[in-house]
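Quick note, the numbering used here runs 188 ahead of the 1-based positions in the sequence shown. In this text, a Cβ means the ideal position worked out from N, Cα and C, and glycines have one as well. On a predicted model such as this, the values are computed, not experimentally measured, just so you know.
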Amino acid sequence: MNIRRAYHQYCGLAAALDVLGERWTLLIVRELLLGPRRYSDLLADLPGLGTNLLADRLKFLVDKGVIRQGPSRPAYELTEAGALLRPMVLDLTRWGFGFTPDKSTVDAVRPRWGFLAAETRLRAERAGDVDEDYEFHVDDEVFRIEVRAGQVRAAAGRAGEASVVVKVDAVTLVRLGAGQLTADDALAAGELTISGPDDAVRRCRRLLDLA
189 MNIRRAYHQY
199 CGLAAALDVL
209 GERWTLLIVR
219 ELLLGPRRYS
229 DLLADLPGLG
239 TNLLADRLKF
249 LVDKGVIRQG
259 PSRPAYELTE
269 AGALLRPMVL
279 DLTRWGFGFT
289 PDKSTVDAVR
299 PRWGFLAAET
309 RLRAERAGDV
319 DEDYEFHVDD
329 EVFRIEVRAG
339 QVRAAAGRAG
349 EASVVVKVDA
359 VTLVRLGAGQ
369 LTADDALAAG
379 ELTISGPDDA
389 VRRCRRLLDL
399 A
């Protein structure tokens with residue numbers, strides 16, 4: 189039987205770490221931030237995590253009410269409690285950029301991780317009173333940012349009607365998030381393209397602090 193460590197401290201932070209402090213747990217949460225994912229997808233996108241350990245972590249998070257399995261399909265998704273972790277995961281990602289070295293040849297990268305880096309740049313207070321979708325083609329996957337009357341939502345999948353289309357690779361997005369590359373330099377090098385009406389492109393760049 190897997191014996192889990194606990195801090196046995198009467199403290200909210202310690203209680204949170206009892207649930208989230210095990211290795212791989214927050215990375216599993218990261219994978220579910222953009223929507224439900226199947227077990228096989230999680231296993232493929234978490235290189236280095238074995239199938240038995242993944243199954244153990246998923247069962248534990250289900251038992252704790254952080255994630256659940258959808259009733260009609262074998263996919264995992266965040267519960268309402270799990271969704272509350274989103275701003276914390278984004279803040280930790282921003283903080284981690286201060287310690288992110290240049291990518292080595294052994295470092296894995298996935299489109300979702302690149303899009304997460306883009307999401308860390310969102311400045312929701314700049315959204316304005318518009319209804320627009322911005323579609324991101326990151327390597328071979330597609331994501332979107334929806335702006336609805338000042339509210340901003342990031343998700344996996346195509347936009348219904350994209351006002352702006354961004355094409356970029358995951359490494360470039362991580363480098364942008366980490367401050368290792370500027371948007372202008374990425375555009376000039378052809379590593380990033382942003383297409384659409386000029387006013388919509390300006391709004392998109394301003395929302396993502398890429399101006």
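Element boundaries [alpha helix (DSSP H), containing residue i]
{"i": "residue 213", "result": "213 to 220"}
{"i": "residue 273", "result": "Careful: residue 273 lies outside any alpha helix (DSSP H) and carries neither H nor E."}
{"i": "residue 376", "result": "371 to 376"}
{"i": "residue 299", "result": "299 to 307"}
From the options, residue whose alpha carbon lies closest to that of residue i
{"i": "residue 324", "options": "290, 393, 269, 275", "result": "393"}
{"i": "residue 350", "options": "398, 332, 300", "result": "332"}
{"i": "residue 339", "options": "357, 256, 395, 218", "result": "395"}
{"i": "residue 224", "options": "300, 320, 355, 310", "result": "300"}
{"i": "residue 334", "options": "327, 317, 326, 328", "result": "317"}
{"i": "residue 192", "options": "206, 199, 198", "result": "206"}
{"i": "residue 371", "options": "194, 236, 399, 264", "result": "399"}
{"i": "residue 320", "options": "341, 311, 328, 313", "result": "341"}
{"i": "residue 253", "options": "244, 266, 261", "result": "266"}
{"i": "residue 293", "options": "302, 359, 343, 368", "result": "359"}
{"i": "residue 379", "options": "397, 390, 327", "result": "327"}
{"i": "residue 273", "options": "302, 204, 198, 263", "result": "204"}
{"i": "residue 270", "options": "322, 246, 285, 286", "result": "246"}
{"i": "residue 306", "options": "258, 348, 356, 296", "result": "356"}
{"i": "residue 237", "options": "210, 256, 251", "result": "210"}
Opposing strand residues paired with residue i [DSSP bridges]
{"i": "residue 419", "result": "Lying outside 189 to 399, the shown extent of the chain, residue 419 is not represented and no answer is given."}
{"i": "residue 383", "result": "353"}
{"i": "residue 342", "result": "333"}
{"i": "residue 257", "result": "264"}
{"i": "residue 226", "result": "263"}
Residues near residue i by beta carbon distance below 8 angstroms, same chain, minus five either side
{"i": "residue 162", "result": "Residue 162 cannot be examined here, being either before or after the span of the chain that is shown, 189 to 399."}
{"i": "residue 189", "result": "Low per-residue confidence applies at residue 189: pLDDT is 48, beneath 50, and the placement is therefore not dependable, though the value from the model is reported in the following sentence. Cβ neighbours of residue 189 beyond the five flanking positions: none."}
Cβ neighbour criterion (16 or more within 10 Å) applied to residue i
{"i": "residue 308", "result": "buried"}
{"i": "residue 385", "result": "exposed"}
{"i": "residue 201", "result": "exposed"}
{"i": "residue 415", "result": "Residue 415 lies beyond the range of the chain shown here (189 to 399); nothing can be said about it."}
{"i": "residue 336", "result": "exposed"}
{"i": "residue 261", "result": "exposed"}
{"i": "residue 381", "result": "exposed"}
{"i": "residue 281", "result": "buried"}
{"i": "residue 195", "result": "exposed"}
{"i": "residue 374", "result": "buried"}
{"i": "residue 219", "result": "buried"}
First through last residue of the beta strand (DSSP E) which encompasses residue i
{"i": "residue 265", "result": "263 to 266"}
Close Cβ partners of residue i (< 6 angstroms) along its chain, the five nearest in sequence each way excluded
{"i": "residue 383", "result": "353"}
{"i": "residue 288", "result": "366"}
{"i": "residue 312", "result": "340"}
{"i": "residue 390", "result": "none"}
{"i": "residue 198", "result": "none"}
{"i": "residue 362", "result": "302, 305"}
{"i": "residue 329", "result": "299"}
Same chain, Cβ closer than 7 angstroms to residue i, five either side skipped, listed in chain order
{"i": "residue 387", "result": "none"}
{"i": "residue 208", "result": "214"}
{"i": "residue 314", "result": "394, 395"}
{"i": "residue 397", "result": "309, 311"}
Heavy atom of the ligand ZN within 6 angstroms of residue i beta-carbon
{"i": "residue 263", "result": "In terms of ligand content, the structure shown is empty, and the ligand ZN therefore cannot be addressed."}
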